[in-house]
Amino acid sequence: MSSENTEIKNVKIDSVQILTSLVAIILFFITCFAAYNGYSSFTQGHSINEQIYSVIIILISIFSFIGFIVIMQIDHLITLVKEEISKNK
0 MSSENTEIKN VKIDSVQILT SLVAIILFFI TCFAAYNGYS SFTQGHSINE
50 QIYSVIIILI SIFSFIGFIV IMQIDHLITL VKEEISKNK
C-alpha cells in the first residue's frame with residue numbers, strides 16, 4: 000500500500016515539473032517576441048513613447064522569465080530536501 004502512495008507522489012512531482020517547464024518555455028517565447036518587437040520599434044523610428052513602452056515590456060518579460068526559473072529551482076530544491084528528510088527518518 001505504501002509503495003502505491005509513493006508512486007502517486009512521484010507522478011504528481013513529475014507533472015508539476017512538466018507544467019513548470021512548459022510555462023518556462025512559453026515565457027521564453029514571450030520574452031523573445033517582446034525583444035523582437037522592441038528591436039523593430041527602435042529600428043523603424045517609432046515615437047519616443049512607443050520605444051519606452053517597448054523597453055518596459057522587454058524588461059518585464061525578461062525579469063518574469065528569470066524570476067520564474069528561480070522559483071522553479073527553489074521549488075525543486077524544496078522537494079529534494081523533503082525527500083532527504085523523509086529518507087533520514
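Take the sequence shown: its position 76, counting from 1, is numbered 75 in the working numbering, and each next residue is one higher. Where is the CB? At the ideal position from N, CA and C, for every residue including glycine.
Check	Outcome
Cα-Cα, which of Tyr38, Val15, Ser14 is closest to leucine 58?	Tyr38
According to DSSP, is serine 46 helix, strand or coil?	coil
Kindly indicate which three-state DSSP category lysine 81 falls into: helix, strand or coil?	helix
Does the region 61-72 touch the region 42-53, meaning 3 or more C-beta pairs lie closer than 8 Å?	no
Quick one: grab the DSSP three-state call for lysine 86.	helix
Going by beta-carbon coordinates alone, are serine 63 and alanine 33 separated by less than 8 Å?	no
Does DSSP put methionine 0 in a helix, in a strand, or in coil?	In this prediction, methionine 0 has a pLDDT of 48, which is less than 50 and means its spatial position is unreliable; nothing more can be read from the coordinates.
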